[in-house]
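In our numbering, the protein residues as written are 19 to 216. For every residue, glycine included, the Cβ atom is placed at its ideal position computed from N, Cα and C. Read the structure below first, then the notes.
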């Protein structure tokens, strides 16, 4: 099943095809994202100092001085992006309500497995956040389509609540766009069309 994060990629990279289940990507491709997601969880549960220490002691921290310039550059982008995430999360000020909440969202073109990186308390309502760690930029056109399945996931997970925004955070590129929940839902047809093309 396609994931929400894979769908986010095709929204920014037309023609992208998700790898088949038999394809094992090399560690240098998946480790930075896996480690960065763990650092985000540690930030929200244990604080910035613990999360930075974890990241520095991980493979990403080790690779910041790698002799391969591409690997060093990628690792440094993750470290810098995490510092940026910490700063902007503090500025945002909303409290974390849950981490790594998962749901299956049914679009007209099929099912998508969606994981919300962070669910936030927004006064009496909830907001969602997806944190991307790949190298692809986001913009005002792609962000609402990316946010769509995450908005549907919030409704599935919290059927009796109201929602404000879905934040699309591209940490490696240090970009963020907040999309209203209603604007994200309005992109259901567009998100389904992207899914159908994968």
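Q) How many Å lie between residue 194 and residue 112 at the Cα? A) Taking the first residue of the chain shown as 1, we reach residue 194 at position 176. Taking the first residue of the chain shown as 1, we reach residue 112 at position 94. Their backbone Cα atoms lie some 15 Å apart in a straight line.
(Q) If you measure between the beta carbons of residue 167 and residue 197, is that distance less than 8 Å? (A) Here residue 167 is taken as the residue at index 149 of the chain shown, counted from 1. Here residue 197 is taken as the residue at index 179 of the chain shown, counted from 1. Cβ distance not < 8 Å, so residue 167 and residue 197 don't count as in contact.
**Q.** Helix, strand or coil at residue 212 according to DSSP, with G and I counted as helix
**A.** Here residue 212 is taken as the residue at index 194 of the chain shown, counted from 1. In the structure shown, residue 212 sits in a helix (DSSP, three-state: H, G or I).
Q | Rounded separation between residue 12 and residue 164 - CA only | A | Here the chain has residues from 19 to 216 only, and residue 12 is not among them.
**Q.** For residue 81, the three-state DSSP class (helix, strand or coil)
**A.** Along the chain shown, read from residue 1 onward, the residue named residue 81 stands at position 63. Here residue 81 sits in helix by DSSP.
Q | Below-8 Å beta-carbon distance, residue 112 vs any chain C residue | A | Of the protein chains in the structure, only one exists, and it is not chain C.
Q. Would the beta-carbon of residue 115 fall within 8 Å of that of residue 144?
A. For this step, residue 115 is matched to residue 97 along the chain shown. For this step, residue 144 is matched to residue 126 along the chain shown. Their beta carbons are under 8 Å apart, which means residue 115 touches residue 144 by this criterion.
Q. Three-state secondary structure (DSSP) at residue 131?
A. Counting from one through the chain shown, the residue named residue 131 turns up at place 113. Of the three classes helix, strand and coil, the one that applies to residue 131 here is strand, per DSSP.
(Q) the ligand MG and residue 182: does the residue's C-beta get closer than 7 Å to at least one heavy atom of that ligand? (A) Annotation note on the ligand MG: not contained in the displayed structure, which lists no ligands.
Q | Alpha carbon of residue 68 to alpha carbon of residue 126, nearest angstrom | A | Counting from one through the chain shown, the residue named residue 68 turns up at place 50. Counting from one through the chain shown, the residue named residue 126 turns up at place 108. Cα to Cα, residue 68 sits roughly 42 Å from residue 126.
Q) Alpha carbon to alpha carbon, how far is residue 79 from residue 47? A) As a first step, residue 79 is located in the chain shown; it is residue number 61 there, counting from the start. As a first step, residue 47 is located in the chain shown; it is residue number 29 there, counting from the start. Their backbone Cα atoms lie some 15 Å apart in a straight line.
(Q) Does the segment 171-179 come into contact with the segment 80-89, if we say contact requires no fewer than three beta-carbon pairs (one atom in each stretch) closer than 8 Å? (A) Verdict: no, contact absent.
Q. Excluding sequence positions up to five away, which residues of its chain have a Cβ less than 7 Å from the Cβ of residue 137?
A. Position 119 of the chain shown holds residue 137. So the qualifying residues of the chain are 115, 116, 119, 144 and 146.
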